[in-house]
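Asks: Protein chains in written order, with our numbering: chain F, 6 to 349; chain B, 735 to 1695.
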Amino acid sequence: MKKIFYSIAVILSLVAVSCEEWEPVFGNQGEPDVSTPQTQQVNTTIAQLKALYDGKPLHIDNDLVIGGKIISSDASGNIYRSLYIQDETGAIEVKIGNSGLYNDYKPGQMLYVKCQGLVLGNYGGMLQIGTDDPTGEYETAYIDVKSLISSHIFKGEAGSPVTPQVVSEDELKSAIKLGYKSPYFGKLVTLNNLTYAKEIFVLIYLNSNLDKKASSNRLFLSDQQWGVDTWAFSANKMKEYLLSGVWNSAKIGNSGDYNYGTVEDAFKVLYENAAAYAVSQYFKMPGGTEVQVRSSGYAKFSDQKIDSRILSGDSRINLTGILTNYNGAAQFTLIDLDGVKITN
Amino acid sequence: MNIIKKSAAVLAAVLIGAVLSAQVPTGGVKGTVINRASRTPVEGANLVLKAGAVEIGTIKTDAQGNFLLESLADGMYDLIIEAPGYLPTTVNVTVNDGYVKNMYNLSLSPSIISNEVDDSSFGEFDLDGNGYEDTPTILYDQNDVFNNAASYNFSAVRFKVRGYASESQDVYVAGVKMNDALTGYSPYSLWSGLNEATRSKASVIGSEISPYGIGGYNGLTNIYGTPGQVRPGKRFSVLTNSALYRLRLMGTYAAPENDNGWSYAVSASARLGGNDWVQGVYYRSFAYYLGVEKNWGDVHRLALVTFGAPGQRGAQNASTQEVYDLMGDNMYNSNWGYQNGKMRNARNRITFEPITFLKYDFTPSKELEASATLLFRTGKNGYTALDWYDAPDPRPDYYRNLPSYYYMPNEDYNRLNPQKAAWAREAWQTHQASTAHVDWDRFYYVNRNSEGGRSKYALEERHVDQNDLNLATSLKWRPNPNTILTAGFNAKYNKTEYYKSINDLLGGEYFLDVDQFAERDYSSSAIRVQNDLDYYLGHGEARKVKVGDKYGYDYFANLVKGELWATGKFAFGGLDVTVGGRLGTSTFWREGMVRKGLFPGLDDNGQPIMIGDDIYTTYDQDGNPITSKGPSERKFFTTYAGKVNVAYSLAGGHRFFANAGYFSDSPYFDKSFVAPRTRNTYIHKLDDVKSLSADVNYMYASNGYSLRLTGFYTNIADQTDVMSVYYDLNNSFGNFALSGIDERHVGMELGFEVPTPLSGLSVVGVFTTGEYVYTSTPLLTATVDNSAEPIYDEIPVSYWKGTPMTDGTTQKHYVPSTPQLAASLGLSYFYNYWFIDADVDYFANSYLDMSPLSRTDYATAGPDGVITPEEVEAMTRQEKFDPAWLVNFSVGKSWYYKRKYQYGFSLNAKNILNKTDVKTGGFEQTRMVDNTVSKSRYYNFDPKYFYMQGFNYMLNLYFRF
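1. Starting from Asn222 (chain F), find everything on chain B with Cβ-Cβ shorter than 8 Å and list it in chain order.
2. Quick one: using the 10 Å Cβ neighbour count with 16 as the cut-off for buried, is Lys1535 (chain B) buried or exposed?
3. Counting contacts by CB-CB distance shorter than 8 Å, is Gln1055 (chain B) in contact with chain F?
4. Give me the chain F residues within the contact set of Tyr1178 (chain B), using Cβ-Cβ distance strictly less than 8 Å, ordered along the chain.
5. Report the neighbours of Glu25 (chain F) on chain B: residues whose CB is nearer than 7 Å to its CB, in chain order.
6. When DSSP labels each residue in this structure, what does Val814 (chain B) get in the three-state scheme?
7. What is the DSSP secondary structure of Val167 (chain F), counted as helix, strand or coil?
8. With C-beta atoms as the reference, is Leu1060 (chain B) less than 8 Å away from Arg1134 (chain B)?
9. Measuring only the C-alpha atoms, how far is Tyr1123 (chain B) from Gln1250 (chain B)?
10. Hey, would you say Ile790 (chain B) sits closer than 8 Å to Leu783 (chain B), going by beta carbons?
11. Check the C-beta distance from Val30 (chain F) over to Gly1007 (chain B) and give it rounded, since I have them as a contact under 8 Å.
12. Excluding sequence positions up to five away, which residues of its chain have a Cβ less than 6 Å from the Cβ of Tyr331 (chain F)?
13. Considering Glu1607 (chain B), what are the terminal residues of the alpha helix (DSSP H) in which it resides?
14. Using a Cβ-Cβ cutoff of 7 Å, what residues of the region 1113-1139 of chain B are near chain F? List them in chain order.
15. Output yes or no for whether 8 Å exceeds the beta carbon distance between Glu1487 (chain B) and Ser1496 (chain B).
16. Check whether the Cβ atoms of Ala717 (chain B) and Leu1620 (chain B) sit closer than 8 Å, and answer yes or no.
17. For Ile957 (chain B), write down the residues that DSSP places opposite it in a beta bridge.
18. Using the beta-carbon count (16 or more within 10 Å), is Ile90 (chain F) buried or exposed?
19. Who are the near neighbours of Val1574 (chain B) in its chain, counting only those whose CB is closer than 6 Å to its CB and skipping five residues on each side?
20. Just curious, the alpha helix (DSSP H) that Pro1152 (chain B) is in, first and last residue?
21. Once DSSP output is grouped into helix, strand and coil, what is the label at Pro1143 (chain B)?
22. Is Lys55 (chain F) a contact residue of the ligand COA, with contact defined as CB to any heavy atom under 7 Å?
23. In the DSSP assignment, what are the bridge partners of Trp1070 (chain B)?
24. Counting beta carbon pairs with one atom in the region 980-989 of chain B and one in the region 1048-1064 of chain B, are three or more of them shorter than 8 Å?
25. Looking at the unbroken beta strand (DSSP E) that takes in Phe1407 (chain B), where does it start and where does it end?
26. Would the region 1331-1349 of chain B count as touching the region 1282-1299 of chain B if we require 3 or more Cβ pairs under 8 Å?
27. If we ignore side chains and look at the alpha-carbon of each, how far apart do Tyr1548 (chain B) and Tyr1508 (chain B) end up?
28. Using a Cβ-Cβ cutoff of less than 7 Å, which residues in the same chain neighbour Thr792 (chain B) once the five nearest sequence positions on both sides are dropped?
29. Which residues in chain B have a C-beta closer than 9 Å to the C-beta of Gln43 (chain F)? List them in chain order.
30. May I ask you to report which of helix, strand or coil DSSP gives Gln1355 (chain B)?
31. Roughly how many whole angstroms lie between the Cα atoms of Val1423 (chain B) and Phe1371 (chain B)?
32. Please list the residues of the region 238-261 of chain F that have a C-beta atom closer than 9 Å to any C-beta atom in chain B, keeping them in chain order.
33. Which term fits Ser179 (chain F), buried or exposed, when burial requires 16 or more other beta carbons within 10 angstroms of its beta carbon?
34. Between Pro139 (chain F) and chain B, is the shortest Cβ-Cβ distance under 8 Å, so that the two count as touching?
35. Near Val1430 (chain B), which residues of its chain fall below 6 Å by C-beta distance, leaving aside the five closest residues on each side in sequence?
36. From the DSSP output, in three-state form, read off Glu181 (chain F) for me.
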């Protein structure tokens, strides 16, 4: 008898050896504490950092730390796998390559970037902080590995959102001239009194599984509106456009190589491979400066109809969003549709 | 209960004497031979009666274990009892004054100490609806020389008898078939932890006919379950093991029948803690059994029993070899992480499904027995999992978190960033918690900072809550000593609710009940994204769900079944012939409880759903509205089966028997709808599953030798399967419905026990091999939850049954997840209440579960649409696992104290060589790398594997009084 109780005691003491394995048994983990903001000592302004770029990807070896308030959100899906941060001197895109960044990073919150080991690069006239792209296809690659993010990107204290800076047409013109060196690009700005230019630009692939560079696989919708009255289009919306026939006369092929028939001829393959596409909707400043409002086909507002007063050209709008630059043209990235205000 | 019945054979000498003379001695001896461990009758035990050295004669026990030797003169005799699989026993019998001496229960010890088949015999893997079902097969028939050794020694590699799926094994409680009404799965977990109360059982193997029903081709086990069948006395045990849970406490008390005919039994147990191998896996499980029985003069018996196993346990998950290698651990479990510094598992099975039954037995005479059981199963069965909305995938081993997502040596993958791969590799190899485990703290951070308190991460609880009402009646009649006729009627009504609810909002205030996958496709339609459209239309907004609220999907499965069966057993000298058949009907239908925005169907007046100017009702190819809410069409099936068993016994312990059966059964509910979570649409080709099975056997049992040799053939035709997977080509939950799956199982089984010159020591061996293959080209229909249009509509899975290899040969495709060759050789020693067992096991020819998608022409063609032999081989060949050796050892001893108390221990050591590289199962992901550089082919994602645990111990201490 004693033997048995002795043995039970031995077993119970053995059982108690690993505490960790009993944690889920009791299930009393408790809620984690509210996390405290991470801080880093900033030693470089965004303008100073951008000034280091001299035309080719810059691998940052020094202990440069920048800090700025988050001015963008990917909640609407129009900005994707990227954040823009802004300090007093300028703004820059940080290519954190995750989706749903708005869950972790809030507009107005401070963000610190330890740049050592990262790469400063240029894409179409926009400077970005990313990581090395060994293929050379782009100047930077996404910072998307968890440990890469956690060792370079630090979430600071929450704060009030940045007030957008109103940029005049003259300032915009000079920024376009200056290119990536302009402090306006990447900033949260407001452009006032734009009118619709009734022109879009979109590049569609007949079959995205095939060579995207082949002329026979490309369809450009440009120089006119092509009946596209939405900010962009999802796959379902593209099918609607195809069925409505508004694109029927558009020619397949690169400019100068329209030897592959029309949309009407290629209807079946286009319909079967319908996908979401980004669209540039063209607007004009009062002095005629063109602004392309480029929206993603994956944005939640992609299929929303643009207000008919805007489409008719009767109404002027003020736009708030991120001012971007694509190969010498002013592009404008809406954070969401709250950035579109009809003025009359 | 113990109806004493004349045996079929009596002593020849006595017979002759009876004819010649009226002065026959009136003395005799009778009794019942039972299994000492299970307290169940031993049929066919051979009794030899000797007076000194003179053999008076032999007799065999009947199906109830009873025997009667009559016409014995007064005197002292030795009664030698032998039975296959038991140690021989000799008892002294004194016959005096011409009375028939009643020996009551004569118990035999199993010659191979059957190690306790318990949860610790197999791991439990709960998988996220990826089509891979891990349901261990337990071999119940411990008296069989093959099953006895195989059940314990082969369990570590998830051996399946003859390659059959677990649902083919019929498990009954008190005469009621308990296999899950909707999936067929063996319902073992309903009484796990009640080993004592459910120990007493009767089994048949293969296509043998059971006294409890016709069954199928993979045996039938009936657990008696009544208190009168629980071993009387008090018993308490403490068990610790390293494989699943640290501690088990179990106590049982059974009171034998008192003078008023009452008997009762109670049992309770707790299983607690984690294990040595898999982090995050734990048990917090309890079990209880309460039974009371009243006997009125052995004519009427009524038993009322209720039992259940409430509890919670954490599950393990499978990962790819890349992940196991990074973690340096084939037992890595991706389901858990740290919350507030403490371990928390995201996958918890939370169940409480009590079973209650009332059993009535009526035994008006020795020739007639009738019984009826009314059994009800109800309760909750929930399984938690992470749910998230528009936020990064939180699973640590998600493929985008792995080094291979950033760099692959094959440039065609377009994964060309070795630096990023190095970052990921380092994080995994150093076991950084936020990379290698679930990051619970981050969920709280995100939810607390989410706009309006909307949880972006939540813990959902997927429910399958059953209400299962059964009636089973049977009648047994013995019109003459050579004939037993049995008939029965069974009925089942099952109503099961499938839904999910919020288990934990993880720091947020609510979760929004919308379909985020539909949102991706119909971002501008507030109607189509609703999971509960009626709520939306009534309230103008999507439902905000809190802890305990149902959301996502909610539907009932309804099933009604009825079946008549009958058997006849006829003895002609040494020849026994048993025939049996069953005939029944089965009906089932789905009933949706919520109207989903994508598939609103018709309104209550039968009109299409129109909101504003838009019609939202959609139609299938046949023009029927696609409906989420309300009842589906009812499907009717006629089920039937026929069986023949022939057995011939020869003197000297030889027995030949052969079984054959043909079965036509309805498909299971869970494999009949293309997307049961969202709509009432059936699989097009819903056929009866037709099986043909036959086996031939030879058994020998004498003088401690025991042998069974079996050859079997089974053909199973027209099975369906529905796999539910995350389908990332469409960013949606996809459903892969396969129809027309045929299998053929051909093989043999050998089990033997040979005594050695050393008393108590015997050699025990089992060997089985076979070929279990797929023999058809099934059709695949793939749908996604958020779209009415099938992605693939009944396309052939061209390479399901084989792969044409580039060298010109053809690789057959095998039924997966069980070794098709398994062998064990061991020594068993039993002496003076010591037992020692040691065995070496070998397993081979085990295969990986296949994904149907990669075996279609679509997958082998690749983006360019051109099928090449190299693509066919690469995409469709089936992985064969490496063979494995195992060494196990067991020792045990029991003692008696003052003839009143018994205590003892058993210690099992499994996998003594500590092998941790043995794959026991796994599955291919239904995913392909499609954005290749060459645009000429796809690549399969890496498969996920389960491995066998390394060295494990189990120590059981018990005390009886």
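The beta carbon of each residue, even a glycine, is placed where N, CA and C say it ideally should be.
Replies: Result, derived from the coordinates:
1. Taking the first residue of the first sequence as position 1, residue 222 (chain F) is located at position 217. Chain B residues near Asn222 (chain F): none, gap ~11 Å exceeds 8 Å.
2. By 1-based counting over the second sequence, the position of residue 1535 (chain B) is 801. Answer is buried; the Cβ neighbour count reaches 16.
3. Along the second sequence, read from residue 1 onward, the residue named residue 1055 (chain B) stands at position 321. With 8 Å as the cut-off, Gln1055 (chain B) does not count as an interface residue toward chain F.
4. Translated into positions along the second sequence, residue 1178 (chain B) becomes position 444. The answer, in chain order, is Glu36 and Pro37.
5. Reading the first sequence from its first residue, position 20 is the one you call residue 25 (chain F). Listed along the chain, the chain B residues whose CB falls inside 7 Å of the CB of Glu25 (chain F) are Met1077.
6. What you label residue 814 (chain B) is simply residue 80 of the second sequence in a count that begins at 1. Just to set this straight, residue 814 (chain B) is Ile in the shown sequence, not Val. Three-state DSSP puts Ile814 (chain B) in a strand.
7. Sequence index remark: in the first sequence, residue 167 (chain F) carries index 162 (1-based). Val167 (chain F): coil per DSSP, three-state reduction.
8. If you number the second sequence from 1, residue 1060 (chain B) lands on position 326. If you number the second sequence from 1, residue 1134 (chain B) lands on position 400. For Leu1060 (chain B) and Arg1134 (chain B), no; Cβs fall outside 8 Å.
9. Within the second sequence, numbered from 1, the residue matching residue 1123 (chain B) stands at position 389. Within the second sequence, numbered from 1, the residue matching residue 1250 (chain B) stands at position 516. Tyr1123 (chain B) and Gln1250 (chain B): Cα-Cα distance of roughly 7 Å.
10. Taking the second sequence and counting its residues from 1, the one referred to as residue 790 (chain B) is at position 56. Taking the second sequence and counting its residues from 1, the one referred to as residue 783 (chain B) is at position 49. Yes; because the gap between Cβ atoms is below 8 Å, this pair is in contact.
11. Residue mapping note: residue 30 (chain F) aligns to position 25 of the first sequence, counting from 1. Residue mapping note: residue 1007 (chain B) aligns to position 273 of the second sequence, counting from 1. That belief holds up - the Cβ atoms of Val30 (chain F) and Gly1007 (chain B) are roughly 6 Å apart, short of 8 Å.
12. Reading the first sequence from its first residue, position 326 is the one you call residue 331 (chain F). Gly129.
13. Counted from its first residue, the second sequence places residue 1607 (chain B) at position 873. Segment Pro1603 to Thr1610, the alpha helix (DSSP H) holding Glu1607 (chain B).
14. Correct list: Asp1124, Ala1125, Pro1126 and Asn1135.
15. Mapped onto the second sequence, residue 1487 (chain B) falls at position 753. Mapped onto the second sequence, residue 1496 (chain B) falls at position 762. In contact: Glu1487 (chain B) and Ser1496 (chain B) (Cβ atoms closer than 8 Å).
16. Limits of chain B in this structure are 735 at one end and 1695 at the other, which puts residue 717 (chain B) out of reach.
17. Translated into the one-based positions of the second sequence, residue 957 (chain B) becomes position 223. B:Val907 and B:Lys935.
18. On the first sequence, position 85 is the one that residue 90 (chain F) refers to. By the 10 Å Cβ count, Ile90 (chain F) comes out buried.
19. If you number the second sequence from 1, residue 1574 (chain B) lands on position 840. Only residues of its own chain outside the window of five on either side were considered, and among them Leu1559 and Val1621 have a CB closer than 6 Å to the CB of Val1574 (chain B), listed in chain order.
20. As a position in the second sequence, residue 1152 (chain B) is number 418, starting the count at 1. Pro1152 to Gln1163 is the span of the alpha helix (DSSP H), which, as asked, contains Pro1152 (chain B).
21. Stepping through the second sequence from its first residue, residue 1143 (chain B) is reached at position 409. If DSSP states are grouped into helix, strand and coil, Pro1143 (chain B) belongs with coil.
22. Judged by which ligands are present, the structure shown has none, so any question about the ligand COA falls away.
23. Here residue 1070 (chain B) corresponds to residue number 336 of the second sequence, with the count starting at 1. Bridge partners of Trp1070 (chain B): B:Asn1079.
24. no
25. For the purposes of this step, residue 1407 (chain B) is taken as the residue at position 673 of the second sequence. Careful: Phe1407 (chain B) lies outside any beta strand (DSSP E) and carries neither H nor E.
26. Taking a cut-off of 8 Å on C-beta distances, the region 1331-1349 of chain B does not touch the region 1282-1299 of chain B, as fewer than three cross pairs fall below it.
27. Residue numbering aside, residue 1548 (chain B) sits at position 814 when the second sequence is read from its first letter. Residue numbering aside, residue 1508 (chain B) sits at position 774 when the second sequence is read from its first letter. Cα-Cα distance, rounded: 6 Å.
28. By one-based count along the second sequence, residue 792 (chain B) stands at place 58. Closer than 7 Å at Cβ, skipping near neighbours: Asn780, Leu781 and Val782.
29. Sequence index remark: in the first sequence, residue 43 (chain F) carries index 38 (1-based). The contacting residues do not exist; Gln43 (chain F) stays about 12 Å from chain B at best.
30. Counting from one through the second sequence, the residue named residue 1355 (chain B) turns up at place 621. Reduced to three states, the DSSP call for Gln1355 (chain B) is coil.
31. As a working note, residue 1423 (chain B) is residue 689 in the second sequence. As a working note, residue 1371 (chain B) is residue 637 in the second sequence. Cα to Cα, the separation comes out at about 10 Å.
32. Listed in sequence order: Ser239, Ala240, Asn241 and Lys242.
33. Locating residue 179 (chain F) in the first sequence gives position 174, where the first residue counts as 1. Exposed, because fewer than 16 other Cβ atoms sit within 10 Å of the Cβ of Ser179 (chain F).
34. By 1-based counting over the first sequence, the position of residue 139 (chain F) is 134. Closer than 8 Å: yes.
35. Here the question's residue 1430 (chain B) lines up with position 696 in the second sequence. Same-chain partners within the cutoff: Ala1392 and Gly1445.
36. In the first sequence, counting from the first residue as 1, residue 181 (chain F) sits at position 176. This sequence places Ile at residue 181 (chain F); Glu is not what is there. Reduced to three states, the DSSP call for Ile181 (chain F) is helix.
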